[in-house]
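Residue numbers (this note's numbering): -15 to 395.
First comes the structure, then the notes that go with it.
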Amino acid sequence: MAYLRSILFPLGPAFYSLGSLISIFFLICDGCAQVPIHKTTYDREIRPGAIQTEEYLPLLKGKRVGLVINQTSLIHDTYLVDSLIRLKINVVKLYAPEHGLRGKEDAGETIDSGIDAKTGLPVISLYGDKKKPTPADLEGVDIMIFDIQDVGARFYTYISTLHYLMEALGAQGIPLIVLDRPNPNGHYVDGPVLDTLRFRSFVGMDPVPVVYGMTIGELGRMINGEKWIHSTCSLTVIKCKNYDHTKFYELPVKPSPNLPDIRSILLYPSLCFFEGTIVSLGRGTLKPFQMLGNPLYPDSSFSFIPVSMQGAQHPPLEGKKCFGIDLSSLNVDSLFQTRQINLSLLITFYKALKNERFFNPSWFDKLSGGPGFREAIESSWSEAQIRASWRKGINAFNERRKLYLLYPDNE
């Protein structure tokens, strides 16, 4: 250890600034990324539920069908709605989540109801004045299909849309079919469990950890089984084929404007917490969720300037030169195999900027599911102490989670 320390810090660790230490750390990580490692399992034969048309088309015959969909709702390269219409299924209404039917709108931007230009079908917004469909919104629908790609983090709002949808359908006695898709972050469970009594919001509806290790179909089963909704929904999940929770899955389409590739998706559960701080996570750049920075961050050779663009209108710190850390070259296999939320980044930035009102407590606590995580960082808890504080909640969740899994687990 002394020999290694002499190589890394020839002038002694105390000589080096915080920025220099971080640069050394990421230089080591970048070097490690070049070393051959055990390749993650990537099964090109994974078949999402939407492709298993023989499993659900018989359930749609003679029915008036509603679709909750976006740009990820594909059968191979064809949008689900186009495929179903071509197959003579009577699709009567479309329902749009956050980012809209085509997935082009900004995070948090209101989605308007209207008419889909391509199909002529009515589009009902589930991310506007209301996020839960009303009885009038469901009128004339005999059966609903939900087919949206999730990324496995509690604050990603498509699972909140599913929660409200299931509750509304249950109240009206309308059955739901979920066309399941692999979860790219489905290989681990981590983070604080949401306190639903005090911190329930659209970025956290159910008492699950930040990373819950379930497909959206499995989570739907849990929402039903644990009675997290007032009216139980008649739910059918069309399973993926050739999938289990250990397999690496690279999405064919970006799930939202600011998750452009698999690296950003794998980093998302760790970096989204920065939305509740004064740090930019790269919105308004070509690599969102792959960099971190602030104009006051010390001693960094890396910088970027957020600008307005499609999918990121008026991003945080727009037009300001931000200094920080570039994560866009991190090895994807290494990220996949980490299997835990990265705490060091948040702790490092807090220590560097804690005198600058680092947290937006209200928003950070909603993202993290309660005040405990923020208060632990402010109290200088170590990573080990923070993880230990999550353990009881994770263990209790895992015991219940087992009851609803449809695929071999990550253990």
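Using N, Cα and C, we set each Cβ at its ideal position, and we do this for glycine too.
Approximately 5 Å separates the beta-carbon atoms of Y391 and D228; this is inside 8 Å, confirming the contact. Just so you know, the alpha carbons of I99 and P106 end up roughly 5 Å apart. In this structure, L250 is the residue among S240, V221, L250 and K223 with its C-alpha nearest to the C-alpha of E234. Counting only unbroken stretches of 3 or more residues, the beta strand (DSSP E) elements lying wholly within the region 250 to 307 are 275 to 278 and 286 to 288, in sequence order.
Remark: C-beta atoms of L178 and G188 approach each other more closely than 9 Å. At least 9 Å separates the beta-carbon of A80 from that of S67.
Secondary structure of D245 (DSSP, three-state): coil. Take the alpha-carbon of P279 and the one of V316: they are about 28 Å apart. Cβ contact annotation for I213 (same chain, cutoff 8 Å, sequence separation greater than five): H147, M150, E151, G154 and I207, in chain order. Rounded to whole angstroms, the gap between the alpha carbons of N74 and E202 is 27 Å. Around the beta-carbon of R70, fewer than 16 other beta-carbon atoms lie within 10 Å, marking it exposed.
Listed in chain order, the non-local C-beta contacts of R358 below 7 Å within the same chain comprise F343, P345, F348, D349 and S352, local neighbours out to five positions each way being set aside. Judged by DSSP secondary structure, T332 falls outside any beta strand (DSSP E) and instead within the alpha helix (DSSP H) spanning S328 to L337.
Assignment of F343 by DSSP, reduced to helix, strand and coil, places it in the strand class. Less than 9 Å separates the beta-carbon of T269 from that of I289. Cβ contact annotation for Q324 (same chain, cutoff 7 Å, sequence separation greater than five): Y172 and D174, in chain order. Separation of V76 and V49 (C-alpha to C-alpha, rounded to the nearest whole angstrom) is 6 Å. The C-beta of S313 has fewer than 16 other C-beta atoms within 10 Å across all chains shown, which makes the residue exposed. Taking a C-beta distance under 9 Å as the contact criterion, D134 and R165 qualify as a contact pair.
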